[in-house]
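Asker: Under the working numbering, the residue at position 72 of the sequence shown is numbered 73, and the numbers go up by one with no gaps. The C-beta atom is built at its ideal place from N, Cα and C for all residues, glycine as well. Keep in mind that this is a model prediction, so the values were computed, not measured.
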Amino acid sequence: MNILYEGTLKQIGQPFKVTSLSSEHTEQLLSVQDDVIEALENKENLQPLTLEEFQNILSGNGLMIGAFVDERLIVMI
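(1) Taking 8 Å as the limit between beta carbons, can you name the residues of its chain near T27, skipping five residues before and five after?
(2) Could you tell me the distance, in whole angstroms, from the CA atom of G67 to the CA atom of Y6?
(3) How is the beta strand (DSSP E) around S21 delimited, first residue to last?
(4) Measure the alpha-carbon distance for D35 versus L22 and round it to whole angstroms.
(5) Would the beta-carbon of I78 fall within 8 Å of that of F69?
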């Protein structure tokens, strides 16, 4: 895992790491995306990525980074 940044979540004091993402993170990416969609008041405001779109980006046709707390993906860009 290539760590790009390390810090601490201010509200709860928990350490986090930011890394570039790869295809091994696909399941976690889909889970985070589902959590975001579920939390939205107006779900139609978000166009979620498909599995194929994630795979395309993660196979070298783009860059995704994510923040992890205790090996759990909490956010991705």
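Answerer: Put simply:
(1) L52, F55, Q56 and L59
(2) 10 Å
(3) Q15 to S21
(4) Looking at the two C-alpha atoms, the distance is approximately 18 Å.
(5) no
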